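Protein chains in written order, with the UniProt record's numbering: chain E, 1 to 233; chain V, 1 to 393.
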């Protein structure tokens, strides 16, 4: 067991910012817009650092795929307690077309190269709300539609972090200072044997339709007849 | 972490990486933990105990203190950034941070013995305990040399008698730095500094003042009646009190400038946001030149004061003289926040006058920055004194 955990951290448009579509509908505006670490990636980093504090794992490695600025996101993970970083450089056109398929290939290649015991990522679906080690297996409690499900998995494993997994810490000032000395390695996707060609082509980006005002009805019968008129019943 | 030589001034153009992360961390804390509760803290005059503890855990309550003593081991530029971001969320919390760092820990760090530092600093780095600074009296504020609180030696104790006024953090503090005269004939050269734990026999607190702003901090008189402390509680040499107070205030001014910047920035944010949303005469009011001129003037005022504040901090970090620059920073920042908070209410119109929007609280919080830690008039005297020295024939 390497005792090494890889955590994926992504630099995204800050969650509090109002997203705007470019006038040519090709994508969203990113220039000059505030970016931060994806909040779910923060939860993933927090979980990894907690496992290290409990001495269940030995090393936390923060990974980010993207242009030069992705290094800021890695530095934030280092300030939260990650030990070192890996910046997979992807920029320009390659970055615009970088999709989940390519990123997962990169993460898989890195996990193999680093002999990672565990990979923790921010969620896209539901998932882990509790992670514990049980011998050489990992016990995960995950949220499913019907309630909570506890499963045992063997490592290496990939876990995605749910909102309720933890509350990410604020970086402490001493850790921000220490983060300066931690190393961030630079890697190219080609070094990992990953082909970045995209299988997807974005045709058009539009804002979601404006929410229309609702209609109030007086009685249940009115509601039923309105639904019938709208072809919903 | 002092940056050397002229490299340090490039920090004025773009902050170093660590400082950027620090600033963002403090901003995130302020946005998530302080802004949502600042209105309630103000209404209820409630000390932000939990938030101070959290800031302590982050290292913000003892930023300059070396790690061996429990602090964050950072520089004054980092400190000014932190205080600004915290104050932007809640001016009262920013005040608590500033008083603890600059006015209480500051003098002990600079003038204390190793034993005094361990006893009086380390417990005050975690956010569990905060300190205060007792210089002003009912009879003298700006006239600090006229201290009438006395300290006489009796055996192996100092016995203090007198009253201190306007002491910030007094009701929430676990210790105070007190200035009392040990030799009245020597006038300001006869003042000495003492460390007193709180509570302590012979030390009592007056009623909490009902202030215009920074209501979540406690401000009251500290009354000393035959208050006895061991001889080892004198801070620095006998008669050095006035010098200790003045040097402490030099650094404290950078903290207050930062607090003022935070409130000013919050006012500007509030006004600019409103200018986008409020429609009048058929368009957002941000389209009107009258409003644009106000926003521009506000931004210029804040940014100029901010650069002066950073420069004062960088000079201090480089161990260069910074008395004049610190006074300039505090003067411009406090006048900037008075201006910005006033104009923010003007931009908001009626909405600026009610508590639904934070503009009225910023206006009330801003006002103290031109008064405490040296009034704007005193700052001008300090600056003029330095200029005249520079031009000595």
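Yeah, the Cβ is synthetic: ideal placement off N, Cα and C, and Gly gets one too.
Bear in mind that the values here come from a model prediction, so they are computed numbers and not experimental data.
Under 9 Å Cβ-Cβ, which residues of chain E neighbour residue i?
| i | result |
| --- | --- |
| residue 150 of chain V | Going along chain E, no residue has its Cβ under 9 Å from residue 150 of chain V, so there is no contact; the nearest lies around 40 Å. |
| residue 63 of chain V | 173 |
If the cut is a Cβ gap below 7 Å, which residues of chain E does residue i touch?
| i | result |
| --- | --- |
| residue 29 of chain V | 170 |
| residue 59 of chain V | 172, 173 and 174 |
| residue 67 of chain V | 174 |
Please check the pair residue i and residue j, which I expect to be a contact at CB under 8 Å, by giving their CB distance rounded to whole angstroms.
| i | j | result |
| --- | --- | --- |
| residue 80 of chain E | residue 130 of chain E | Residue 80 of chain E to residue 130 of chain E, Cβ: 20 Å. No contact. |
| residue 28 of chain V | residue 170 of chain E | 7 Å |
| residue 204 of chain V | residue 241 of chain V | Between residue 241 of chain V and residue 204 of chain V the Cβ distance is about 22 Å, and since that is not below 8 Å, they are no contact. |
| residue 264 of chain V | residue 159 of chain V | At roughly 45 Å, the Cβ-Cβ gap does not stay under 8 Å, so residue 264 of chain V and residue 159 of chain V are not in contact. |
| residue 17 of chain E | residue 34 of chain E | 5 Å |
| residue 235 of chain V | residue 108 of chain V | 7 Å |
| residue 190 of chain V | residue 239 of chain V | 6 Å |
| residue 57 of chain V | residue 172 of chain E | 7 Å |
| residue 22 of chain V | residue 78 of chain V | 5 Å |
| residue 401 of chain V | residue 70 of chain V | There is simply no residue 401 of chain V to check, as chain V begins at 1 and stops at 393 in what is shown. |
Residue i versus chain V: which residues are under 7 Å apart at the beta carbon?
| i | result |
| --- | --- |
| residue 76 of chain E | 21 |
For residue i, which residues in chain V fall below 8 Å Cβ to Cβ?
| i | result |
| --- | --- |
| residue 79 of chain E | 21 and 25 |
| residue 177 of chain E | 1, 18, 72, 73 and 74 |
| residue 180 of chain E | 17 and 18 |
For residue i and chain E, any beta-carbon pair shorter than 7 Å?
| i | result |
| --- | --- |
| residue 56 of chain V | no |
| residue 2 of chain V | Annotation note: pLDDT 44 at residue 2 of chain V (below 50); position unreliable, no value reported. |
| residue 7 of chain V | At residue 7 of chain V, the pLDDT of 48 sits below 50, so the modelled position is not reliable and the matter cannot be decided from this model. |
Just checking: is the beta-carbon of residue i within a distance shorter than 7 Å of some beta-carbon in chain V?
| i | result |
| --- | --- |
| residue 67 of chain E | no |
| residue 125 of chain E | The predicted model places residue 125 of chain E with a pLDDT of 47, which falls under 50 and marks its position as unreliable; any figure quoted below should be read in that light. So no, residue 125 of chain E is outside the interface. |
| residue 15 of chain E | no |
Got a sec, what are the start and stop residues for the beta strand (DSSP E) residue i sits in?
| i | result |
| --- | --- |
| residue 160 of chain E | 157–161 |
| residue 227 of chain V | 219–230 |
| residue 67 of chain E | Where residue 67 of chain E is concerned, there is no enclosing beta strand (DSSP E), given that its DSSP letter is neither H nor E. |
| residue 132 of chain V | 130–134 |
| residue 25 of chain E | From DSSP, residue 25 of chain E is part of no beta strand (DSSP E); its letter is neither H nor E. |
| residue 158 of chain V | 157–168 |
| residue 130 of chain E | 128–134 |
| residue 11 of chain E | 11–13 |
| residue 150 of chain V | 150–154 |
| residue 205 of chain V | 203–205 |
| residue 181 of chain V | 173–181 |
| residue 27 of chain V | Note, residue 27 of chain V: premise wrong, no beta strand (DSSP E); alpha helix (DSSP H) at 17–29. |
| residue 99 of chain V | Premise fails: residue 99 of chain V is in no beta strand (DSSP E) and is neither H nor E. |
| residue 120 of chain E | 118–122 |
| residue 43 of chain V | Residue 43 of chain V -> not in any beta strand (DSSP E); alpha helix (DSSP H) instead, spanning 35–44. |
| residue 4 of chain E | 4–8 |
Between which two residues does the alpha helix (DSSP H) containing residue i stretch?
| i | result |
| --- | --- |
| residue 120 of chain V | 114–120 |
| residue 197 of chain V | No alpha helix (DSSP H) contains residue 197 of chain V, which is instead part of the beta strand (DSSP E) from 191–197. |
| residue 88 of chain V | 76–89 |
| residue 45 of chain E | 39–53 |
| residue 52 of chain V | 49–58 |
| residue 378 of chain V | 376–390 |
| residue 353 of chain V | 350–353 |
| residue 109 of chain V | 106–111 |
| residue 238 of chain V | Where residue 238 of chain V is concerned, there is no enclosing alpha helix (DSSP H), given that its DSSP letter is neither H nor E. |
Compute the minimum distance between the beta carbon of residue i and the heavy atoms of the ligand FMN, and state whether it is under 6 Å.
| i | result |
| --- | --- |
| residue 179 of chain E | The model on display carries no ligand, and the ligand FMN is accordingly not part of it. |
Quiz prompt | 3-residue-minimum beta strand (DSSP E) runs that sit fully inside the region 144–228 of chain E, ordered along the chain | solution = You should have 147–154, 157–161 and 184–187.
Practice problem: Give, in chain order, every residue of the region 230–244 of chain V whose Cβ lies closer than 7 Å to some Cβ of chain A. | Solution: No chain A is part of this structure, whose protein chains are labelled E and V.
Quiz item: Which whole runs of the alpha helix (DSSP H) in the region 79–109 of chain E are 4 residues long or more, in chain order?
Solution: Fully contained in the region 79–109 of chain E are the following alpha helix (DSSP H) runs of length 4 or more, in chain order: 93–96.
Self-check item: Those runs of the alpha helix (DSSP H) which lie wholly inside the region 251–338 of chain V and span at least 4 residues
Solution: Unbroken alpha helix (DSSP H) stretches of 4 residues or longer found wholly inside the region 251–338 of chain V: 289–317, given in chain order.
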